[in-house]
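Q: So that we are looking at the same thing, I have put the structure below in structure tokens.
Number of protein chains: 2
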Amino acid sequence: MMNRTELIHQIKEKKSFLCIGLDTDIKKIPKHLLEEEDPLFSFNKEIIDATKDLCVAYKPNLAFYESMGHKGLISLEKTIQYIPDNIFTIADAKRGDIGNTSEMYARTFFEYYHFDAVTVAPYMGEDSVKPFLNFKDKWVILLALTSNEGAKDFQMIKVIDQMGVSTERMFETVLKTSMNWGDDENMMYVVGATKAEMLKKIREIIPDHFLLVPGIGAQGGSLEDVFKNGANADIGLLVNASRNIIYASNGKDFAEKAREEALKIQQEMQGLMFNDSNS
Amino acid sequence: MMNRTELIHQIKEKKSFLCIGLDTDIKKIPKHLLEEEDPLFSFNKEIIDATKDLCVAYKPNLAFYESMGHKGLISLEKTIQYIPDNIFTIADAKRGDIGNTSEMYARTFFEYYHFDAVTVAPYMGEDSVKPFLNFKDKWVILLALTSNEGAKDFQMIKVIDQMGVSTERMFETVLKTSMNWGDDENMMYVVGATKAEMLKKIREIIPDHFLLVPGIGAQGGSLEDVFKNGANADIGLLVNASRNIIYASNGKDFAEKAREEALKIQQEMQGLMFNDSNS
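Chain order of the listed sequences is D and S.
Using my numbering, you'd call the opening residue of the first sequence number 2 and step up by one each time.
Using my numbering, you'd call the opening residue of the second sequence number 2 and step up by one each time.
Structural data, given as structure tokens:
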């Protein structure tokens, strides 16, 4: 259970707003782990041990666990139980369905697995998101502007606003409409770091909400740009890195190398937060 | 494995385009089943036995299985294995993520569970959908216009088309853009039956694609309206009913009552297909 105040406290204490994506792929983890009883969990356990003082959030990507069938879900369950209580946990699941189904997903991630937050897709509108917001001290992280090429297909198209004029893009409408479904205590937004120039625009609409920013590293965004355009007084950012940390090495030193990569990012974040990289 | 030709053959042979939604909820199934080792599977098994000659598709709603943790996924696995090969299977999962993650979801539903089709949300665009289309004789069922209240929030808003004029709504843009990602042999669309008057418009854009139509019964659409506005020469419809069939009774006669409800719908479908209800 982690509310906004506690999350901000952790960010300031750890001098980090790093989220580590646990996109744990049986085909990419070091071969020696395949002899273990539960390779995915063994991998995650070592990654968590090596990085837990450097990050404020872990984000398992559900697809990687689901692809292993029910066994993958057991690995996920053990992983969540293993993550220390003072670290924010995000189910990167991108769910969203009619009300009674979204409520089932909310129960799944919040009550069964005890995640703090779940990523949700906005296409089905208010009643597909609201059921997630009925859980105290739990969070919806709604997709607004994603970091992939396909973001241009629908998120970036121009729409007609309520005044009958076209001044905004779809993702802006998503922000403006959805910001009233909850508040900055139970909603965050996914905003891709490849669109750092869009962050200013987004901050005009939602100055206070936390943003979950994927796309640092492998997907190519600049941390400095993200911070300059996206940070607010409470920092208000969770910046995710996955592959460049967890697959820094595929040898027996994978956890050590993951720590080195995480430390580099944490140090850069500390510099940006305390302005000592520019002094 | 079921391609378009075989699906059409099944529809004509069974005189039915009924899809039964297996939204199997541990809190709603008859109490006597809770003594069984695997209540969800026991329920599904009886429902399948009682209805398999009346429907052409089953659609398990993933949320209901996931809410039970890894045990629910075992129930799902057994359910899919139990469904006869000549019945189309749809994972109602509403996934959609960046390319490498969508590929993992595709493997999950197509290779691990052996579903024929999976429902996908369009918000993240082309590269979030394409990985599902790379599997031979498998299907994407893309959300276009859903049957819930929230459909108005984003699906129904007016957008500016490539000519700079506003002649269409978001769901029409989704149809026009996505119809070129695959073809009518590997893509279908979700179109809510509560919007029967929209079906004509949709058929102008995609005359040949199959439509998966939820919202009959509990959600209130009329089968006759759907057929009149949505059917094409190959029928081209899968109409889903869930709760009004599977929860027709919560006593020991639940399967028998489910059959009665399914038979009513199949008879109405037969009447519409062969025009003998109007004669």
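For glycine and all other residues, C-beta sits at the position ideal for the given N, C-alpha and C.
From a predicted model like this one, the values you see are computed outputs, not experimental measurements.
1) List, in chain order, every chain S residue whose beta-carbon is nearer than 8 Å to that of N233 (chain D).
2) Please report whether the beta-carbon of V191 (chain S) lies at a distance below 7 Å from any beta-carbon of chain D.
3) Report yes if the C-beta distance between M189 (chain D) and I142 (chain D) is below 7 Å; otherwise report no.
4) Determine whether the Cβ of H115 (chain S) lies closer than 7 Å to any Cβ atom of chain D.
5) Name the chain S residues that come within less than 9 Å of M125 (chain D), Cβ to Cβ?
6) Grab the span of the beta strand (DSSP E) containing A145 (chain D) for me, first residue to last.
7) By Cβ distance, which residues of its chain are closer than 8 Å to S186 (chain D), with the 5 residues on each side in sequence left out?
8) Between which two residues does the alpha helix (DSSP H) holding P132 (chain D) run?
9) Between L273 (chain D) and chain S, is the shortest Cβ-Cβ distance under 7 Å, so that the two count as touching?
10) Can a CB atom of chain D be found closer than 7 Å to the CB of A107 (chain S)?
11) Report the option in S:Q268, S:N245, S:L212 whose CA atom is closest to the CA atom of L8 (chain S).
12) Within the region 17–72 of chain D, note down every full alpha helix (DSSP H) run reaching 4 residues or more, in order along the chain.
13) Mind listing the chain D neighbours of I75 (chain S)? Cutoff is C-beta to C-beta under 8 Å, in chain order.
14) Looking only at C-alpha atoms, which of S:N149, S:L34, S:K265, S:G100 sits nearest to F44 (chain S)?
15) Please decide whether I27 (chain S) counts as near chain D, where near means a Cβ-Cβ distance under 7 Å.
16) At a CB-CB cut-off below 7 Å, which residues of chain D make contact with N62 (chain S)?
17) Check the Cβ of S68 (chain D) against every Cβ in chain S and list those closer than 7 Å, keeping chain order.
18) What's the C-alpha gap between T109 (chain S) and G73 (chain D)?
19) Check whether the Cβ of S129 (chain D) lies closer than 7 Å to any Cβ atom in chain S.
20) What residue does the alpha helix (DSSP H) around N245 (chain S) start on, and which one ends it?
21) Any idea if A197 (chain D) is buried or exposed, counting beta-carbon neighbours within 10 angstroms, 16 or more meaning buried?
22) Can you tell me which of D:T178, D:F228, D:W182, D:D184 puts its alpha carbon nearest to the alpha carbon of M199 (chain D)?
23) Is there at least one Cβ from chain S nearer than 7 Å to F44 (chain D)'s Cβ?
24) Per DSSP, which residues does D292 (chain D) bridge with? Please list them.
25) Terminal residues of the continuous alpha helix (DSSP H) containing F275 (chain S)?
26) Judging by CA-CA distance, which residue of S:T120, S:E78, S:Y114, S:F116 is the nearest neighbour of K95 (chain S)?
27) Quick one: what's got a C-beta closer than 8 Å to C56 (chain D)'s C-beta in the same chain, skipping five residues either side?
28) Can you tell me whether F116 (chain D) is helix, strand or coil according to DSSP?
29) Tell me the rounded alpha-carbon separation between G70 (chain D) and Y114 (chain S).
30) For S280 (chain D), which residues from the same chain have a beta carbon less than 6 Å from its beta carbon, with the 5 sequence-adjacent residues on both sides left out?
31) Should N135 (chain S) go down as buried or exposed, given a rule of 16 or more other Cβ atoms within 10 Å for buried?
32) If we define contact as Cβ-Cβ less than 7 Å, is S243 (chain D) a contact residue for chain S?
33) Output the boundary residues of the alpha helix (DSSP H) element that contains M189 (chain S).
34) Would you say K159 (chain S) faces chain D, with C-beta separation under 7 Å as the test?
35) Answer yes or no: does any C-beta atom of chain D fall closer than 7 Å to that of D39 (chain S)?
36) Return yes when the Cβ of D24 (chain D) is within less than 7 Å of the Cβ of N62 (chain D), no when it is not.
A: Taking the coordinates as given:
1) Within 8 Å Cβ-Cβ: nothing; N233 (chain D) doesn't reach chain S, min ~25 Å.
2) no
3) yes
4) no
5) K95, A122, L144, T147, N149, G151, A152, D154, F155, Q156
6) 140–146
7) The sequence shown places Glu at residue 186 (chain D), not Ser. Cβ within range, chain order: N4, R5.
8) 127–134
9) no
10) no
11) S:L212
12) 40–52, 63–67
13) H71
14) S:L34
15) no
16) T102
17) M105, R108, T109, Y113
18) 11 Å
19) yes
20) 244–247
21) buried
22) D:F228
23) no
24) Nothing can be reported for residue 292 (chain D): it is not among the residues displayed for chain D, which extend from 2 to 280.
25) 255–275
26) S:T120
27) K15, S17, L19, C20, I21, I88, A263, Q267
28) coil
29) 8 Å
30) In this prediction, S280 (chain D) scores a pLDDT of 40, lower than 50, which makes its location untrustworthy; no coordinate-derived value is stated.
31) exposed
32) no
33) Run containing M189 (chain S): none in the alpha helix (DSSP H); it sits in the beta strand (DSSP E), 188–192.
34) yes
35) no
36) yes
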